[in-house]
Every structure is written in C-alpha cells, then in structure tokens.
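What follows is a set of notes on a single structure, which appears directly below.
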Amino acid sequence: MDFQQLIVAHLLAISMALVLDAIIGDPVNWPHPVRWFGRWISFIDRRLNQGKFQRMNGLFLVLSMVVWCFVLPLALLIALYEISYWIGIIVEGIMVATTISTKSLGEAAYKVALPLQKGDLQEARFQVGMIVGRDTDQLDESEIARATVETVAENTSDGITAPLFFAFLLGGAGAFFYRSINTCDSMVGYKNPTYEKFGYFSAKLDDWLNFIPSRLTAFIMVISNVMQSEFTAKHVFSIIKRDAPKHPSPNSGYGESAVAALLGIQLGGRNTYKGIVSNRAKMGDPLYSLNVSHIFKTVQVMKRTVWCTWFFYLIGGILIGITYTWS
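Numbering of the sequence shown is given in this note's numbering, commencing with residue 87 and proceeding in unit increments.
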C-alpha cells in the first residue's frame, strides 16, 4: 500500500466512522474500547498508585496504553491491509467509530434539554449529573443549561474532532491511542493528593495531544457556524483569544470560548464539587441569559463543526495526494 492509498484508506475509514456513529451511536450494552481502557486503568491504579514511585508507576500506565492501544491495533490493521485493502478499511472505520461520540453527546444533551423545556428541573438535574462532575442538586435552569453547553463545547474536541485528527494522521490505531490517553486523564489526571503524582504523565500527555486539535476545532467551529451567528468571525476570534487562556485547562477553553462567542452567552463561573466551591474563569460576554434554547443551539454548533472537520480533512487529503503525485 503506497502513501496515496494510505491517505484514501484513512479518509474512507473516517467517513465510514462518521456514518456509523450517526446511525448507531454507542449502544449501552455493546462492547466498547473506552470501557476496556477504563478497566485496565482501574486495574493499574489499584495496584500501582502507592509507594515511593507513584510518578514512575504512572509512566508505566501511559507506556502500557501505548502498547495495548497503539502498537497492537496498528499491527492488526497492517495485517488486515495485507490480506485485503477493503477489509482493512472496514475494520479501521469500525475502530474509529468507537472513538467518536457525536450521536451520544447530542442525545445526552437532549436528555437534559427536553425535561428542562417542560419545567422538570428535578429530571434535568439528574440528567445533567450524568454528564458533569459538579454538584447538580441545586442548579436552576440557567446553571443546568450552562453545565450542558460547557460539556458539549468541551467534548466536541475531546470526544469527536480530536480522535478524527489522529485518525487522519495515524489511522484507527492513532484514534485508539488518543482516546486511551484521554480516558487516562479523565480517570487519574487530577491535581489532588491521590493522583498528582500517579496521574502526572497522563495529564501532561493529554495536554500535548490536545494542543493542536483543540485550537483547530475552535477555528473550524467558527468558520462552520459564523453564518448562523449574529456576530462576525473577527469578533468571535477576539473573544477566543481573550478568554481561552483563562481556562484552567490549556486546551478546553478554546471550544468553550468559541461557543460562548458564537451564541453571545457567558460560560464559566461558580461551580461546586462535593460541596467545595470552584470559581472558574468566565468565557464570553453575557449578551443573552443562558436558557434551554442554548443547549439545542450548541448541539447544532457541534454537528456543523464535526461535518466541516470531515470536509477539511477530505480537502486536505486530496491536496496531499496531489502534492505527492507531483513530487
């Protein structure tokens, strides 16, 4: 398989993955790689997150993910492509589909929005509690909407466009590897006494892996949604430049500030986690009060961003293929 065939294979696999995810999503009872990643991480956490060498044990966790979630899937795909080009594409497409969550993210947001729309705050609080880590039992409509919008905005990159980025560069094995490190970070990448050493390398590698995808996602988010926004691209980019660096995560602020600027709302502010107050930097200007309509709008922003990302990689792949032909 030459370089052009490889690019075509990755593009076809990404296209297949997006279609599969749009149709099937993530059925609850189906086997899922992220659950496998989580079991392995929990296994290592229980046995190695102790003693004097917690940071090195955390490095072992990361290296084990490289083997299980990149080297082995890559070897499998190489073998399958040797057997049949089309079998390789099909399996790679299925692999990539398991790493993205366009449908499930939208459905999770709607599970919050629909009861909120009916005034059922108790059910909306329960549903938003399924997708965020903050305390939700006292949230009003505006705070429920904010929590949901922030989750969709952040996970547009983490859960969809970043895996697609690595799928474009490194195929299904790249998407698997990214998702495994992202899962590591979500489980052990905390700055607290339990995980500040053991989760150090997981958190750092996740930050490095997300550096380009988060910024690229914010850029594509703007160009794919600015026509539906009442604000200019110049204004939106100025808000991103101003507010994204304020976020405690070096990457999460880009998606959140982009959505806030596009919709004319303000994200961030006061959250509580197990009764402990955390004041997050504010993203965007409060031109409109947050309400349930902004959840629906954010899901549409996410969907347009995902398909524009696919188009971006399609054009990029074609240009790379043409350039390779001329060289």
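Glycine included, C-beta positions come from ideal geometry on N, C-alpha and C.
**Request:** Can you give me the Cβ contacts of GLN91 inside the same chain, cut-off strictly under 8 Å, excluding the 5 residues immediately before and after it?
**Result:** So the qualifying residues of the chain are TYR171.
**Request:** Would you tell me roughly how many angstroms separate the C-alpha atoms of GLU193 and GLU168, rounded to the nearest one?
**Result:** Taking the straight line from one Cα to the other gives about 38 Å.
**Prompt:** For LEU416, which residues of its own chain have a beta-carbon under 6 Å away from its beta-carbon, when the five flanking residues on both sides are left out?
**Reply:** In this structure the chain extends from 87 to 413, so residue 416 is not present and cannot be described.
**Prompt:** Who are VAL235's beta bridge partners in DSSP?
**Reply:** Beta-bridge pairing links VAL235 to no other residue.
**Rounded distance between the beta-carbons of THR391 and SER310, thought under 8 Å** = Taking C-beta atoms under 8 Å as the contact rule, SER310 and THR391 qualify, at a distance of about 5 Å.
**Asked** Does the region 361–378 come close enough to the region 386–402 that 3 or more CB-CB pairs lie under 8 Å?
**Response** Segments in contact, no.
**Prompt:** Looking only at its own chain, which residues have a Cβ that is under 7 Å from the Cβ of PHE146, when we skip the five neighbours before and after it?
**Reply:** So the qualifying residues of the chain are LEU134.
**Item:** Buried or exposed by the 16-neighbour rule on C-beta atoms within 10 Å, applied to ASN357
**Value:** The residue in question, ASN357, is buried, as its Cβ has 16 or more Cβ neighbours within 10 Å.
**Message:** I'd like to know whether the C-beta atoms of ALA103 and ALA183 end up nearer to each other than 8 Å.
**Reply:** Against a cut-off of 8 Å, the Cβ pair of ALA183 and ALA103 comes out as a contact.
**Spatial neighbours of LEU376 in its chain, beta-carbon cut-off 6 Å, leaving aside the 5 residues before and after** = The beta carbon of LEU376 lies closer than 6 Å to those of SER228, ALA231, ARG232 and ILE351 in the same chain, with the five residues before and after it left out.
**Asked** Beta carbon of THR188, beta carbon of ILE246: below 8 Å?
**Response** The answer is yes: Cβ separation under 8 Å.
**Member of THR303, LEU98 and ALA347 whose CA lies at the smallest distance from the CA of THR242** = It is THR303.
**Proximity below 8 Å, CB of THR234 to CB of ALA195** = Going by C-beta atoms, THR234 is nearer than 8 Å to ALA195.
**Message:** I'd like to know whether the C-beta atoms of ARG265 and THR395 end up nearer to each other than 8 Å.
**Reply:** Not a contact, by the Cβ cut-off of 8 Å.
**Asked** Quick one, are the C-beta atoms of ALA239 and VAL345 less than 8 Å apart?
**Response** Taking 8 Å as the Cβ cut-off, ALA239 and VAL345 qualify as a contacting pair.
**Request:** Report the residue from ALA108, LEU291, ASP244 and LEU158 whose alpha carbon sits nearest the alpha carbon of VAL148.
**Result:** Of the candidates ALA108, LEU291, ASP244 and LEU158, LEU291 places its Cα closest to the Cα of VAL148.
**Request:** Go through its chain and collect everything with a Cβ distance to SER190's Cβ below 6 Å, but skip five positions before and after it.
**Result:** Short of 6 Å from the beta carbon of SER190, and not among the five residues preceding or following it, lie these beta carbons of its own chain, in chain order: GLY111 and ASP112.
**Prompt:** Can you tell me whether DSSP reads GLY354 as helix, strand or coil?
**Reply:** Three-state DSSP puts GLY354 in a strand.
**Message:** Once the 5 residues before and after LYS277 are set aside, which same chain residues still bring their CB inside 6 Å of it?
**Reply:** So no residue of the chain qualifies.
**Asked** Where do the ends of the beta strand (DSSP E) carrying ILE362 lie?
**Response** Residues 362–369.
**Message:** What residue range does the alpha helix (DSSP H) around CYS394 cover?
**Reply:** Start and end: 378–412.
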